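Notes for the one structure printed next.
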Amino acid sequence: MDCIFCKIAQGEIPTKKIMETANSLAFLDAFPLTKGHSLVIPKKHYEKIQEMSKEEIADLFDTVKQITAKSEKIVNASLIAVHNGRESGQEIPHVHVHVIPRKPEDNAGPVHMMFKNRPKLSDSEFDEILSKLKD
500 MDCIFCKIAQ GEIPTKKIME TANSLAFLDA FPLTKGHSLV IPKKHYEKIQ EMSKEEIADL
560 FDTVKQITAK SEKIVNASLI AVHNGRESGQ EIPHVHVHVI PRKPEDNAGP VHMMFKNRPK
620 LSDSEFDEIL SKLKD
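Residue numbers for the sequence shown follow the working numbering, so the first one is 500 and each next one is one higher.
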């Protein structure tokens with residue numbers, strides 16, 4: 500498999516490792532958006548979170564929690580972001596969680612600024628979506 504994150508997890512590509520568990524690995528992003536931008540990945544290859552077991556997800560997000568706490572000792576806030584699949588903006592098809600330290604002067608703004616053409620939904624459209632998500 501030609502997955503850069505799998506190669507990092509297997510030690511084939513060196514990285515600035517922050518911490519590691521049996522199932523997850525946290526390291527500094529090689530192309531950071533801010534100082535301290537980190538990635539947390541499952542060691543096993545998955546493209547989307549829903550492919551992972553509950554135990555693997557728990558391990559991944561426990562690692563995210565620990566990295567976020569460490570990050571927030573340096574800065575006061577962190578953005579936690581997951582792109583789940585290519586359509587959502589995932590550039591590397593391997594589950595990964597970004598932990599990005601934030602400061603007011605980074606001017607990145609809230610996540611709502613990413614979407615220029617936000618829908619205006621009627622109550623019936625909300626209900627239809629709710630019904631589909633509950634099934």
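Positions of the beta carbon are idealized from the N, C-alpha and C atoms, including for glycine.
These numbers were taken from a predicted model, which means no experiment stands behind them.
Strand pairing of residue i, partner residues [DSSP]
| i | result |
| --- | --- |
| HIS597 | LEU538, ALA580 |
| ALA525 | MET518, VAL539 |
Three-way DSSP call (helix, strand, coil) for residue i in this model
| i | result |
| --- | --- |
| LEU551 | The sequence as given places Met at residue 551; Leu does not occur at that position. MET551 falls in the coil class under three-state DSSP. |
| CYS502 | coil |
| GLN589 | coil |
| ILE512 | coil |
Among the options, the one whose alpha carbon lies nearest that of residue i
| i | options | result |
| --- | --- | --- |
| PRO600 | LYS615, ALA525, GLY535 | GLY535 |
| ALA607 | PRO513, ALA576, LEU527 | ALA576 |
| ALA521 | LEU559, GLU604, LYS564 | LEU559 |
| PRO531 | ASP622, ASP605, GLU624, LYS633 | ASP605 |
Where the alpha helix (DSSP H) containing residue i begins and where it ends
| i | result |
| --- | --- |
| LYS623 | The identity of residue 623 in the sequence shown is Ser, whereas the question assumes Lys. Segment 622-633, the alpha helix (DSSP H) holding SER623. |
Problem - Cβ contact check for the stretch 500-510 and the stretch 560-576: 3 or more pairs under 8 Å - result: With the cut-off at 8 Å, the stretch 500-510 and the stretch 560-576 do not touch.
Exercise for the section: Tell me, please, whether the stretch 546-559 touches the stretch 591-605 by the rule of three or more beta-carbon pairs shorter than 8 Å. Expected result: Contact between the stretch 546-559 and the stretch 591-605 is present, because at least three Cβ pairs lie under 8 Å.
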